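Protein chains in written order, with our numbering: chain B, 40 to 447; chain G, 26 to 211.
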């Protein structure tokens, strides 16, 4: 970190080709590398162990989410959203369904919204547990990883209880959810949260004040407030820089305005601050879940608007309206009114925004998802230049790159 | 599209929101349309004004849009709208806690637009993705090459006239050095 500008200009000179300084060498890290979370290629310019230049190349997991969605019916996109962020699929389900609801101009019933808050926060916790566990493991704290994955397992069992699947959840619908709370879910939930809190306390003692860990993450990968904003950072990465921007508060959606929670912020924006912010967010999420479970209202979990959900089988076979609705929903699909909306929601990594354009027919014109970690990977050169090769591991870990949403 | 939406929804002429009025005053003749469907404030501007409007949105204290949230395009081929492409920019202001969508329309035979990569650092990759997916050329971008697809890919996959089941030819395996001659430093 001695003289960033000199290093920067040296790297640029180096990569123009001919006058390649003999001391600078180019090393490929990835696309498939044990210390990389997904498939991404980092071409680094090294002066000894010092990183003087970096270029990130993405796209290895591109599956054409947007193209595929635009060739599907609106409802058929929901399973694809599971595959965007595969450590917190429910948050993408919720984000997409809320976006289509905004396109329709309707709201889900309160019980559905409270259930979404609970499941969404469970997903946020699993997202943070995975991220922190992986960072800790990669820099040597293997116990921490195992304990966090154990805790994540408690929560995934809850997800399975609710949706029938651990990852491919496909749980939300337009105007509600596929299923209501199963019997005994809330008591299971409080048991699991109690266990999770124990794990958190243990892990906190294990790592948060651990000198070896702090040496690896403190003052590593820091980014200034201005740069973070300019790069379009959101979520824990931005909050670690000291900017309290949380979509749940700033553009309050669902029932988050009725729930009481704090937005933890860091000060320097280094890897240690990101770690602390995520740890505190897990605690805040637990508190949100407990409040939502206490306030859980009675009532329907699906809207009763016509042409939003498939009618009950007794209506399909019992009366002509039910039969027609069912036929039209299957053959023509949902038909949101013509228009365009952008719906921001807070994902595990940052702002998940869906930009949808409808022309009033059953076929989506545009389904665009704003992936939060796209910006983080774009800023990898800014965060790594001036550090050492070994620092790539905690920096890239704290970015929490999810290939599914990065490459779509 | 803006006028149709507003009449369908409210049956009263759309009322210009605060930012729309401000942009109309600051850039006379640049604003060609606006709406605020479902509360999303949207302004459609002339292509030539993009750079100066974006600079104003970022720097003016009444706007302070610190975050360039999203940049994408819409291919309106199947909606039978002309011009065919629409650039869509989403901004977020933390100071004033609001969002704005800016749109610029581009004709099919002239889909070029000024790059705004120097205003927000996030734009660099967003514009590369938009070029990759839609073939829109961002003039002044320092490194406009594909980001999600590979360099040999033919066509632009998110255009509506790109068939979803189109097959691409296999690409010959190349040495690492060869793959590096393109790009910013070539």
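Idealized CB from N, CA, C, for every residue including glycine. Only a predicted model underlies this, so the values are computations on that prediction, with no experimental measurement involved.
Which runs of the alpha helix (DSSP H) fall wholly inside the stretch 317-395 of chain B and span at least 4 residues, in chain order? 352-357, 359-370
Residue range of the alpha helix (DSSP H) that residue 267/B falls in? 264-269
Contact with chain B by residue 146/G, beta-carbon distance below 8 Å: yes
Using 10 angstroms around the beta-carbon of residue 182/G, count the other beta-carbons present and answer buried if the total reaches 16, otherwise exposed. buried
Taking DSSP as the reference, what is the three-state secondary structure of residue 74/G? helix
Consider the Cβ of residue 142/G: report whether some Cβ of chain B lies at a distance smaller than 8 Å. no
Please list the partners that residue 86/B has in chain G, where partner means a Cβ-to-Cβ separation under 7 Å. Within 7 Å Cβ-Cβ: nothing; residue 86/B doesn't reach chain G, min ~17 Å.
Between 192/B, 141/B, 226/B, which has its C-alpha nearest residue 235/B's C-alpha? 192/B
How far does the alpha helix (DSSP H) with residue 305/B in it reach, from first residue to last? No alpha helix (DSSP H) contains residue 305/B, which DSSP labels as neither H nor E.
In the stretch 177-203 of chain G, which residues sit with their C-beta less than 9 Å from some C-beta in chain B, listed in chain order? 182, 183, 185, 187, 189, 201
Can you pull out the residues from the stretch 72-95 of chain G whose beta carbon lies closer than 8 Å to at least one beta carbon of chain B? 91, 92, 93, 94, 95
With 8 Å as the threshold, decide whether the Cβ of residue 285/B is near any Cβ in chain G. no
Chain G partners of residue 379/B, CB-CB under 7 Å? 62
What is the DSSP secondary structure of residue 237/B, counted as helix, strand or coil? helix
Interface residues of chain G around residue 119/B at Cβ under 9 Å? Simply none; closest approach about 14 Å.
Alpha carbon to alpha carbon, how far is residue 390/B from residue 123/G? 15 Å
How about residue 127/G: is its C-beta nearer than 8 Å to some C-beta of chain B? no
Those residues which DSSP pairs with residue 428/B across a bridge: Note: residue 428/B sits in no beta bridge, so no partner.
Once the 5 residues before and after residue 255/B are set aside, which same chain residues still bring their CB inside 7 Å of it? 178, 433
Buried or exposed: which applies to residue 156/G, given that a residue is buried once 16 or more other Cβ atoms fall within 10 Å of its Cβ? buried
What does residue 92/G pair with, by DSSP beta-bridge criteria? 117/G
Excluding the five sequence neighbours on either side, which residues of its own chain have a C-beta within less than 6 Å of the C-beta of residue 47/B, listed in chain order? The predicted position of residue 47/B is uncertain, since its pLDDT is 47 and thus under 50; no value can be drawn from it.
Could you tell me the alpha carbon to alpha carbon distance between residue 141/G and residue 349/B, rounded to whole angstroms? 45 Å
Under 8 Å between C-beta atoms of residue 144/B and residue 341/B: no
So what's residue 99/G in DSSP terms, helix, strand or just coil? strand
Strand pairing of residue 65/B, partner residues [DSSP]: 84/B
Are there 16 or more other CB atoms within 10 angstroms of the CB of residue 233/B, so buried, or fewer, so exposed? exposed
Thinking residue 32/B and residue 189/G are a contact (beta carbons under 8 Å), I'd like their distance in whole angstroms, please. Only positions 40 to 447 of chain B appear in the structure, and residue 32/B is not among them; the question remains open.
Taking the straight line between their C-alpha atoms, what separation do you get for residue 417/B and residue 174/B? 20 Å
Going straight from the alpha carbon of residue 191/G to that of residue 180/G, what length do you get? 10 Å
How is the beta strand (DSSP E) around residue 403/B delimited, first residue to last? 403-409
Do residue 99/G and residue 404/B have their CB atoms nearer than 8 Å? yes
Taking residue 108/G as the reference, give the member of 133/G, 86/G, 93/G, 95/G with the closest Cα. 133/G
Near residue 410/B, what residues of its chain come up, given a Cβ to Cβ distance below 6 Å and the 5 sequence neighbours on each side ignored? 444, 445
Which residues mark the beginning and the end of the beta strand (DSSP E) in which residue 130/G is found? 123-131
Can you pull out the residues from the stretch 419-440 of chain B whose beta carbon lies closer than 9 Å to at least one beta carbon of chain G? 421
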